[in-house]
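Only one structure is covered here, and it is reproduced in the block below.
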Amino acid sequence: MKAREKVIIVGGGPVGLLCALNLASHDVPVLVLESHPELFMDLRAGSFHPPTLEVMEPLGLTAKLLDIGIPVHKWQLRDRNKGIIATFELSLLGDETPFPFRLHLEQHRFTPIVLEELRKLPNAEVRFSSHVENIAQTDSGVRVTARTPDGEEAFESTWVIGADGGGSVVRNCADIEFEGFTFPERFALISTTHDLGHDGFTDTAYISHPVEWCAVFRLPDQGPPGLWRFLYGCDPDESEQDALSTPRIERRLQSVQPKSTPYDIVHRTIYRVHQRVATTFRNGRLLIAGDAAHLNNPIGGFGLNCGLQDAMNLTDKLIRVIHADASDDFLGLYVRQRRTANIEYVQEASIRNKRLLEETDESVRLSRLDDMRRSSLDPSLAKAVLMRSSMIDSMRRANSIV
Ligand SMILES: Cc1cc2nc3c(=O)[nH]c(=O)nc-3n(C[C@H](O)[C@H](O)[C@H](O)COP(=O)(O)OP(=O)(O)OC[C@H]3O[C@@H](n4cnc5c(N)ncnc54)[C@H](O)[C@@H]3O)c2cc1C
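Under full-length UniProt numbering, the first residue of the sequence shown is numbered 1, with each subsequent residue one higher.
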């Protein structure tokens, strides 16, 4: 194949690496250009939902994740003062998916697994310290300019996938709008060694409170017992430094689960949260996926999953286009399927989840919690909640679009 037929992927995060692995595994040469000098090791997403495990299974990734992740078979909805409101058992999804659970594994432990697989393939190249600055497309190809340790370098290809996160240069070069809004408050993500399982928390639990709502998760870290993560919104008027100060974090964690000794804080990070969807995921030979195409708040764990599902959907179609089994128009189906799933399910559900936790009108909040309690006690209603929250409904909706 000529160099021009290579697919260039901008961004070596989880979505870019998965795109590369699927393409290279199907005889499509790929070049990944990543700004950082090595894989980015930040505290970020950590939940894999059933449809994501399903789509990655043919690449052999799911089995590797199952070896080191924590399967989460139930989750709780709690009120900070009243305690457990509802428990949802994912075994109710046993007839719907081979993976009726969530898998907890840190995003930064997923990317090395994908990179290791990519490095086994002769037609895949990953270049770190390569920051893409500009992309120009003609009728027959694309020219990508990047700043590399050797100075400015240009690369040519037939297709470019932008998996370069929320500030996507590919999206900007493709002149695609990123519609939506940014929340005024930032979100804090705090890890501790304290085992909330001993206090009766399931490995995923959501705690409603009009001001100090919170979500907690157990992540594997380097092995059992793992680390517990607290995720919560900070006061919009508070500086980042104050929000992440030890006394402030300590007070916040104690308010969720009081204990006589201070919490041992292992990691702390704070970040801005957005609800945005690109107006299209394609302009000619430029395609976008993952955070480059959509952003949402993390309550429900949809962001990374949606991106990984995009990656498989897009590259399955691009493989057919490149091998001449389908025309370029087939890529329009990627846009329709994945953009619709994001708008109708991910945006809607992540905003609804946040409202459920933080509602300030006490009667509305308690009535919504009561609805969830009643749903959890009726197997068919509970299953409906789980079909949505596990992203099975959104995947089926996407795949129903032809
Ligand atoms: C602090 C934080 C916490 C989060 N927590 C959660 C969570 O708890 N649950 C959840 O579901 N989601 C969470 N998310 C979101 C989740 O991490 C993202 O949805 C996921 O990382 C998206 O993957 P991606 O590959 O699309 O983008 P990214 O992970 O952002 O990867 C993009 C990659 O592109 C590279 N890049 C960018 N620009 C260029 C360029 N011009 N040239 C070359 N390379 C470039 C970047 O260096 C990066 O490696 C969190 C995000 C953040 C920031």
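Here a beta-carbon is modelled for each residue, glycine too, at the ideal position from N, C-alpha and C.
By Cβ distance below 8 Å, which residues in the same chain neighbour residue i in space, the five residues on each side in sequence not counted?
| i | result |
| --- | --- |
| Leu92 | Pro100, Pro379, Ala382, Lys383, Leu386 |
| Asp242 | Arg248 |
| Ser208 | Leu77, Arg78, Asp79, Arg80, Ile85, Leu356, Leu357, Glu358, Glu359, Arg365, Leu369 |
| Ile401 | Leu333, Arg336, Gln337, Thr340 |
Cβ-heavy atom distance between residue i and ligand 1 below 8 Å?
| i | result |
| --- | --- |
| Asn342 | no |
| Leu33 | yes |
| Ser168 | yes |
| Gln107 | yes |
| Leu231 | yes |
| Asp95 | no |
| Ser47 | yes |
| Asn305 | yes |
| Thr269 | yes |
| Glu185 | no |
| His323 | no |
| Gly140 | Note that residue 140 corresponds to Ser in the displayed sequence, not to Gly. The answer is no for Ser140. |
| Gly12 | yes |
| Phe40 | yes |
| Gly151 | no |
| Ser130 | yes |
| Ala243 | no |
| Ala124 | no |
| Ala292 | yes |
Are the beta-carbon atoms of residue i and residue j separated by less than 9 Å?
| i | j | result |
| --- | --- | --- |
| Val216 | Val266 | no |
| Ala341 | Ser394 | yes |
| Thr315 | Asn22 | yes |
| Val32 | Val126 | yes |
| Phe181 | His274 | yes |
| Ile84 | Leu287 | no |
| Leu39 | Leu308 | no |
| Val170 | Thr158 | no |
| Gly197 | Pro225 | yes |
| His131 | Ser35 | yes |
| Val346 | Gly290 | no |
| Ile392 | Pro51 | yes |
| Val55 | Asn296 | no |
| Ala278 | Ile351 | no |
| Asp310 | Val321 | no |
| Arg102 | His49 | yes |
| Glu117 | Leu61 | yes |
Going by Cα to Cα distance, which pick from the options is closest to residue i?
| i | options | result |
| --- | --- | --- |
| Leu90 | His73, Ser260, Arg80, Pro98 | His73 |
| Asp79 | Ser389, Arg388, Thr360 | Thr360 |
| Ser191 | Val402, Ile270, Glu116, Glu153 | Ile270 |
| Ala24 | Val55, Asp195, Lys354, Val114 | Val114 |
| Gln337 | Glu179, Phe187, Arg397 | Arg397 |
| Val30 | Asp139, Gly223, Glu156, Ser239 | Glu156 |
| Gly16 | Ala292, Pro236, Arg285 | Ala292 |
| Thr138 | Cys173, Ala146, Ala163 | Cys173 |
| Arg388 | Tyr206, Ser327, Arg276, Glu348 | Glu348 |
| Tyr206 | Leu231, His323, Gly223, Arg186 | Leu231 |
| Leu282 | Leu331, Phe110, Lys82 | Looking at the sequence shown, residue 282 is not Leu but Arg. When only C-alpha atoms are compared, the closest one is Leu331. |
Any chance the CB of residue i is under 8 Å from a heavy atom of ligand 3?
| i | result |
| --- | --- |
| Gly332 | What this structure holds is ligand 1, not ligand 3. |
Quick one: what's got a C-beta closer than 6 Å to residue i's C-beta in the same chain, skipping five residues either side?
| i | result |
| --- | --- |
| Ala86 | Leu77, Met372, Arg373, Ser376 |
| Ser129 | Pro37, Pro149 |
| Trp75 | Phe88, Thr202, Thr204 |
| Leu43 | Leu189, His267, Thr269 |
Is the Cβ of residue i closer than 9 Å to any Cβ of chain C?
| i | result |
| --- | --- |
| Asp195 | Absent from the structure: chain C. Only one protein chain is present. |
Starting from the C-beta of residue i, find all residues in its chain whose C-beta is less than 7 Å away, skip the five residues before and the five after it, and write them out in chain order.
| i | result |
| --- | --- |
| His104 | Gly46, Ser47, Gly69, Ile70, Val72, Asp203, Phe217, Arg218, Leu219, Pro220 |
| Tyr263 | Thr192, His194, Glu250, Leu253 |
| Arg276 | Phe178, Glu179, Gly180, His294, Leu295 |
| Ser168 | Gly162, Ile288, Ala292 |
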